[in-house]
Structures are given as structure tokens and as C-alpha cells.
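S.K.: The numbers in the sequence shown follow my numbering, run straight up by one, and end at 91.
Glycine included, each C-beta is placed from N, C-alpha and C at the ideal position.
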Amino acid sequence: MEAETYKEVDQRILGSLGRPGLIYKSVILLLLFGTLIGVGCWAAQIAVGLGIAGYVHPVYWIIYLSNFIFWIGLGH
Numbered sequence: 016m017e018a019e020t021y022k023e024v025d026q027r028i029l030g031s032l033g034r035p036g037l038i039y040k041s042v043i044l045l046l047l048f049g050t051l052i053g054v055g056c057w058a059a060q061i062a063v064g065l066g067i068a069g070y071v072h073p074v075y076w077i078i079y080l081s082n083f084i085f086w087i088g089l090g091h
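1. Per DSSP, what kind of secondary structure is Ala-18 in: helix, strand or coil?
2. Run through DSSP, which three-state label would Arg-34 get?
3. In whole angstroms, what is the alpha-carbon distance linking Val-74 and Leu-32?
4. Run through DSSP, which three-state label would His-91 get?
5. Do Ala-68 and Ile-61 come within 9 angstroms of each other at the CB atom, strictly closer than that value?
6. What number of angstroms, rounded off, separates the C-alpha of Trp-76 from the C-alpha of Leu-65?
Laid out in C-alpha cells, this is it:
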């Protein structure tokens, strides 16, 4: 068995890489669209306040705090 040169290894590895296809571009566009929707919702909530999410006075911020604590605890 003959040892391959670095150039041959590079050519074999880089040969498997190609230009992104239509599916890849569609997924990236879909993710970008979702991110823009999220940023828009966040900006609306900053501009209007937590009432836009349907929260009333006694439970304004505790929903976000409890969700944060839950997911951090789940991650541990």
C-alpha cells in the first residue's frame, strides 16, 4: 500500500465539497426569516411593553424569570 501525499489527501477531502444547492439556500432563507420575525417581536415588546404578550401587572416579569430558571436547571 502506497502512502498518499498531502496534496492527494487535500484533493480527496476538498473534492467532496461543492457549491451549496437550492435546499441549503432555502433553509438559510427560512432561518433568516424566522430570526427576523423573532427580532420584530422582541422590538415590539420593547417598544410597547410586556402587555403585548398578554401579561397583566402582578405577573409581568416572573414568567420570563421562571422560564429562564427552568431551562437553566434543565440544562444542568
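M.R.: On the basis of the coordinates in this document:
1. Looking at Ala-18 - three-state DSSP - the assignment turns out to be coil, as it is neither helix nor strand.
2. In the structure shown, Arg-34 falls within a coil segment according to DSSP collapsed to helix, strand and coil.
3. One C-alpha to the other measures close to 52 angstroms.
4. Correct three-state label for His-91: coil.
5. No; because the gap between Cβ atoms is not below 9 angstroms, this pair is not in contact.
6. If you take the alpha carbons of Trp-76 and Leu-65, they lie about 8 angstroms apart.
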